[in-house]
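> Heads up: the protein sequence lines correspond to chains F and C, in order.
According to this note's numbering, the first sequence holds residues 830 to 1217 in order.
According to this note's numbering, the second sequence holds residues 96 to 386 in order.
For each residue, glycine too, the CB sits at the ideal point set by N, CA and C.
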Amino acid sequence: MMKPGTYFMEGNTACAEGAIAAGCTFFAGYPITPASEILERMAKRFPEFHGSYLQMEDELASITAILGASWAGRKAMTATSGPGFSLMMENYGLGLMTETPCVIVNVMRGGPSTGLPTKVAQGDVNQTRWGTHGDVGVVVYVPSSPQEMFDLTIKAFNTSEKYRLPVVVLSDEMVSHMTEKVDIPKKEDIEIVERKKPEEPPERSLPFCPDEDLVPPMANAGEGYSVHVTGLTHDEKGHPSIDEETQNKLVTRLIDKIRKNADDILEYEEYMVQDADIIVVAYGSVYRAAREAVEIARDKGIKAGLLRPITIWPFPEDRIYDLAKNGTDNFLVAEINFGQIVFEVERCTGGAANTYLAPRMGGNIHTPEEIVDRMEAIEEGKIPDFKE
Amino acid sequence: MEKKEEKREVEMISAKEIRDKYLRHDMMPHIFCTGCGIGNVLDYTLWALEKEGLDMDKTVFLSGIGCSSRLPGYIDVDSLHTTHGRALAFATGVKITNPELNVIVFTGDGDCMGIGGNHFIHACRRNIDITVIAVNNYIYGMTGGQVAPTTPEGDYATTAPYGNLEPAFDMSEMAISSGATYVARWGVKRPNQPINSIQEALQNKGMSFVEMMSPCTTAYSRQNRMGSIEEFWDWYDNKTILAEDHERIKQYGSEEEKEELKDKIKVGVLHKEEKKSLSERIQELIEEVQV
Ligand SMILES: Cc1ncc(C[n+]2csc(CCOP(=O)(O)OP(=O)(O)O)c2C)c(N)n1
């Protein structure tokens, strides 16, 4: 990894360096704005420490190749943006079904389709949760600074190894292309998690039998365990099965693996929420404007606070419910889409508070002033509900 | 590919011993129909593994989706059954990051040349050191007999009820022109040549492609009025020509003989070449950059 110290670094570069610090030794990708700098950095850096980089034929291949590398025992990553992320949905599902640790970076740009390749948006938040077919439990980190591109990429690797699943780092064009101060800690100060290995000998091992934490230990290919890995519904031996009971047991566990460990995985940040009448919920680049908006609103006498999900999935649902129950009247979700997380917030309040939206369609982030204007209008009762 | 030891005495071994040694018995019964050629392909592969003496703990089988892609599940090794068409991309990740593993891929004609066509040509181009055994039954078997990119023009399929209007791909020619360094094609009727060929494919340090022409008695024969497996095997005999004979006729044959070549499918070892594999090139780069 890089020499510890303080650097002036671009978000995408910090992401690549975070991966390297986490122990990633394989990267496969396909060029796309605004994620290409991650590929370019990896291509340059990997031969220096026995890693390998492959530019694949497309994003279907990129994600599939990193799943292969993971089963060969490596930590592996790919990076893309909307159009490529859509192509990855098939094998994101394969990774979730086969419980394959790896990291997928999606740097969001304006959509739908080719959209606004060079400009910011946050339209893929629900795709990371619901984009692949079938029921899944997922983990998604949303960085809002180059420093977090470094830190959360390491965390994404750790979570992927600990809970055995592909973890998404959901950046956006602005955070990825922003250059800021990044502190690279000493190697010994970085927590690194490795996948659990089976303790049973091969002849007694059930490769998909979970421990108490609902995660099965993982034997890599070539370690003598003769593991059969399939995207078909499988039993604890890993053998395909078409019965309802096996399906029920497997899918429930894959979802519970995240749901029941949510306390361990979940991360969010709060700012002045204690006495807040109105809480702004914002993530990624928008968080930066929202924080300033809260400060301006406080100066104007509005009791404003801020909640920033750092893991957008799992979502801080209990916390929002508590805040709604305990005095916060209004939630304002500022996001660069036509309303995605706003529905989640509305659901989590359980009707105990009102939920409003400050949407944007992409191209730029909100200004602090427009968020303040929205807060004022809500306080004055001028906005009936978030669909206005 | 890595062998257990350099010089090995190949002992006489029975078919039963082969089955006992290599198969994952608790996965039986298998899913294949009576008369299907996929079992023959598995059989020939196991004999080739035995002759070559590969270390099974260091051997990984991969596949996509389809009848033929079910094969890795029946072999008692690390087996990765991936998504439709993607096995070669998956295998690329395995081999590049762990070059000491022997990587073998089973694929179908639809898996390899339809949905996975792009991964196929790029895996050949990269000359990844893997062995690909493609079961070509000229149809989508698993899903019930739909037309494939390999279905001969005019043949019938459930989605080509008036006959296939499109010309067919030749997978082996595609492998050669895309950069594979060992390419062979055989029918499943006779065991010896395919067994030797798969063994040579395992020995080649680079992308090896063995195409096995294999009957789908359920989905293909019924629609194309081939009553029995014997008719299929006759078809192979009448329709194919050994690559050496093909070459000879092209050079020295009469006009009629040359005319007959047009409808023939070449079988045999179709291409062999020495070229560095991608793993070797990556290794060289790493050494260069370290210095
Ligand atoms: C993305 C996707 N599309 C379609 C399918 C359905 N499907 C499963 S197997 C198959 C065809 C397999 O044909 P082939 O590769 O020739 O193998 P065979 O069954 O003939 O051995 C198809 C279309 C799928 N599983 N995934």
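1. What in chain F is Cβ-close to residue 380 of chain C, meaning under 7 Å?
2. Cβ of residue 867 of chain F less than 8 Å from any chain C Cβ?
3. Can you list, in chain order, the residues of its chain with a C-beta nearer than 6 Å to that of residue 204 of chain C? Leave out the 5 residues immediately preceding and following it.
4. Cβ of residue 173 of chain C less than 8 Å from any chain F Cβ?
5. Looking at residue 160 of chain C and ligand 1, is the gap between the Cβ and the nearest heavy atom below 7 Å?
6. For the beta strand (DSSP E) that residue 1057 of chain F lies in, which residues bound it at each end?
7. Contact defined as beta carbons within less than 8 Å: I believe residue 1133 of chain F pairs with residue 1127 of chain F. What is the distance between those atoms, to the nearest angstrom?
8. Taking the CB atoms as reference points, tell me whether residue 274 of chain C and residue 213 of chain C lie closer together than 8 Å.
9. With a cut-off of 8 Å, does the C-beta of residue 300 of chain C fall near any C-beta of chain F?
10. Taking residue 122 of chain C as the query, report the chain F residues whose CB atoms sit under 7 Å from its CB, ordered along the chain.
11. Please confirm if the stretch 1201–1209 of chain F is in contact with the stretch 962–982 of chain F, defined as three or more CB-CB distances below 8 Å between the two stretches.
12. Less than 7 Å between the CB of residue 243 of chain C and some heavy atom of ligand 1, yes or no?
13. Buried or exposed for residue 332 of chain C, going by 16 or more other Cβ atoms inside 10 Å?
14. For ligand 1, any of its heavy atoms closer than 7 Å to the Cβ of residue 206 of chain C?
15. Find the nearest neighbour of residue 328 of chain C within the set C:173, C:170 and C:312, judged by alpha-carbon distance.
16. Using a beta-carbon distance cut-off of less than 9 Å, what residues from the stretch 180–191 of chain C approach chain A?
17. Closer than 7 Å between beta carbons: that is the criterion. Which residues of the stretch 203–229 of chain C meet it against chain F?
18. Determine the contact status of residue 1088 of chain F and residue 1039 of chain F, defining contact as a CB-CB distance below 8 Å.
19. Output yes or no for whether 8 Å exceeds the beta carbon distance between residue 838 of chain F and residue 856 of chain F.
20. Please name the residue in F:831, F:1158, F:1059 and F:1055 whose C-alpha comes closest to that of residue 171 of chain C.
21. To the nearest angstrom, report how far apart residue 899 of chain F and residue 911 of chain F are at their CA atoms.
22. Using CA atoms only, rank isn't needed, just tell me which of F:1185, F:1098, F:995 and F:1042 is closest to residue 917 of chain F.
23. Where in the stretch 200–286 of chain C do unbroken runs of the beta strand (DSSP E), each at least 3 residues long, occur, reported from the N-terminal end onward?
24. May I ask you to check if the CB of residue 163 of chain C is nearer than 7 Å to at least one heavy atom of ligand 1?
25. For residue 281 of chain C, count the other beta carbons within 10 Å of its own beta carbon; 16 or more makes it buried, fewer makes it exposed. Which is it?
26. Identify every run of the alpha helix (DSSP H) within the stretch 918–976 of chain F, keeping only runs that are complete inside it and at least 4 residues long; order them along the chain.
27. Does the distance between the C-beta of residue 1062 of chain F and the nearest non-hydrogen atom of ligand 1 fall short of 7 Å?
28. At the 8 Å Cβ level, is residue 113 of chain C part of the contact set with chain F, yes or no?
29. At a cut-off of 7 Å, would you count residue 918 of chain F as near ligand 1, judging by its Cβ distance to the nearest heavy atom?
30. Is the stretch 918–934 of chain F close to the stretch 878–897 of chain F, with three or more CB pairs under 8 Å?
31. Can we say the stretch 868–886 of chain F touches the stretch 983–1003 of chain F, given the rule of at least three CB pairs closer than 8 Å?
32. Counting only the same chain and skipping the five closest in sequence on each side, list residues whose C-beta sits under 6 Å from that of residue 186 of chain C.
33. Using only the alpha-carbon positions, how far apart do residue 153 of chain C and residue 189 of chain C sit?
34. How many angstroms separate the CA atom of residue 973 of chain F from the CA atom of residue 1010 of chain F?
35. Just verifying my parser: in three-state terms, what is the DSSP assignment at residue 1137 of chain F?
36. Between the stretch 1102–1113 of chain F and the stretch 1062–1077 of chain F, can you find at least three pairs of beta-carbon atoms closer than 8 Å?
So, to answer that:
1. Residues of chain F passing the Cβ test: 876.
2. No, residue 867 of chain F does not count as interfacial toward chain C.
3. Result list for residue 204 of chain C: 231, 243 and 245, in chain order.
4. Residue contact check for residue 173 of chain C against chain F: a CB pair falls below 8 Å.
5. Under cutoff, so the answer is yes.
6. For residue 1057 of chain F, the enclosing beta strand (DSSP E) starts and ends at 1057–1059.
7. With 8 Å as the limit, residue 1133 of chain F and residue 1127 of chain F qualify as a contact, their Cβ atoms being about 6 Å apart.
8. Result no, Cβ atoms of residue 274 of chain C and residue 213 of chain C do not sit closer than 8 Å.
9. Chain F contact via Cβ: absent.
10. Residues of chain F with a Cβ closer than 7 Å to the Cβ of residue 122 of chain C are, in chain order, 1068.
11. Contact fails: fewer than three Cβ-Cβ distances are below 8 Å.
12. Checking the Cβ of residue 243 of chain C against ligand 1 gives yes.
13. By the neighbour-count definition (other C-beta atoms within 10 Å, threshold 16), residue 332 of chain C is an exposed residue.
14. At least one heavy atom of ligand 1 is nearer than 7 Å to the Cβ of residue 206 of chain C, so yes.
15. From the listed residues C:173, C:170 and C:312, the smallest Cα separation to residue 328 of chain C is found for C:312.
16. Chain labels in this structure do not include chain A; the protein chains are F and C.
17. Residues 213, 214 and 217.
18. It is not a contact, given that the beta carbons lie outside the stated cut-off.
19. Going by C-beta atoms, residue 838 of chain F is not nearer than 8 Å to residue 856 of chain F.
20. Each of F:831, F:1158, F:1059 and F:1055 was checked against the Cα of residue 171 of chain C, and the nearest Cα belongs to F:1055.
21. Straight-line Cα distance between these residues: approximately 23 Å.
22. The shortest Cα separation from residue 917 of chain F among F:1185, F:1098, F:995 and F:1042 belongs to F:995.
23. Within the stretch 200–286 of chain C, the beta strand (DSSP E) runs of at least 3 residues that lie entirely inside it are, in chain order, 226–231 and 277–282.
24. Indeed, a heavy atom of ligand 1 lies less than 7 Å from the Cβ.
25. Burial check for residue 281 of chain C: the Cβ neighbour count within 10 Å reaches 16 or more, so the residue is buried.
26. Note on the stretch 918–976 of chain F: whole alpha helix (DSSP H) runs with a minimum of 4 residues are 954–959, in chain order.
27. Distances from the CB of residue 1062 of chain F to the heavy atoms of ligand 1 are all 7 Å or more.
28. Chain F, which has no Cβ nearer than 8 Å to the Cβ of residue 113 of chain C, makes this no.
29. It does not: the Cβ of residue 918 of chain F is nowhere closer than 7 Å to a heavy atom of ligand 1.
30. Per the Cβ contact rule, the stretch 918–934 of chain F is in contact with the stretch 878–897 of chain F (3 or more Cβ pairs under 8 Å).
31. No: the two stretches stay apart, fewer than three of their Cβ pairs being nearer than 8 Å.
32. Cβ neighbours of residue 186 of chain C within its own chain (closer than 6 Å, five residues either side excluded): 157, 198, 200 and 225.
33. Taking the straight line from one Cα to the other gives about 12 Å.
34. Each residue's Cα considered, the two are about 13 Å apart.
35. In the structure shown, residue 1137 of chain F sits in a strand (DSSP, three-state: E or B).
36. The stretch 1062–1077 of chain F, when compared against the stretch 1102–1113 of chain F, does not touch it at the 8 Å Cβ threshold.
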